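Residue 128 in our numbering sits at position 125 of the sequence shown; the count goes up by one each step and never skips.
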Amino acid sequence: MRPLTEKDIRSSVVNASLRERNAIVPPLDLVELDWDKLDYLGWRDPKAPAVGYVVTHLGDEPVGILLRQSGDRPGARAQCSWCEDVTLPNDVVLFSARRSGRAGRNGDTVATLVCANFECSRNVRVLPPSAYLGFDREAAREHRIEVLRSRVASFAGDIARDA
């Protein structure tokens with residue numbers, strides 16, 4: 004992922020009002036992030052724990068999304084729709100995002116199950132166990148990274164469709 008500034012982040016959010024964009028609290032460690040190990044930037048708002056933000060690149064442009072966590076937690080251990088990790092013990096929660104443009108103003112939303120603290124980039128980089136003799140673990144890891152990028156981009160594209 005290409006590095007982002009606070010200004011880049013605020014201007015990229017496609018499904019938020021100007022007031023909501025101005026209220027964004029960027030990640031505290033923004034300047035220290037290892038951008039080469041991120042497939043998207045995701046964080047929770049420290050002032051409003053039920054609010055999260057995701058920024059990814061669609062083509063050359065960053066696209067940011069404001070997410071709201073559902074009050075309900077999945078009954079059983081849910082699987083993240085983006086990284087599909089089933090071995091790590093992090094929580095997965097339901098986030099919804101208002102679509103951009105007219106659809107969002109009319110109340111149209113999209114929801115997805117995502118790692119609660121957006122650990123997907125770290126999860127897909129864990130070397131998977133060997134599935135069979137000759138299994139290429141490194142190729143499997145690279146495939147998981149590409150799939151994560153594709154899923155996040157697809158979600159962002161769905162939200163930004165009317166931007």
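For glycine and all other residues, C-beta sits at the position ideal for the given N, C-alpha and C. None of the values given here were measured: they were computed from a predicted structure.
Best match in the options for proximity to residue i [C-alpha to C-alpha]
i	options	result
Arg147	Ser84, Val28, Trp38, Asn18	Ser84
Thr115	Ser99, Arg108, Asn126	Ser99
Arg125	Asp88, Arg101, Gly107, Ala134	Asp88
Val117	Arg128, Ala142, Arg71	Arg71
Met4	Ala143, Asn18, His60	His60
Pair within 8 Å by beta-carbon distance, residue i and residue j
i	j	result
Lys50	Val16	no
Trp38	Phe121	no
Asn93	Ala119	yes
Simplified DSSP state of residue i, which is helix, strand or coil
i	result
Leu21	helix
Arg168	A question about residue 168 goes unanswered here, because the residues of the chain that appear run from 4 up to 166.
Leu33	helix
Trp168	The structure shown has nothing for residue 168, since the chain only spans 4 to 166.
Ser84	coil
Gly107	helix
Phe121	coil
Arg128	coil
Residue i - partner residues in DSSP beta bridges
i	result
Phe98	Gln72, Thr115
Ile135	Note on residue identity: the sequence assigns Tyr, not Ile, to residue 135. Its beta-bridge partners do not exist; DSSP assigns none.
His60	Pro65
Val54	Arg71
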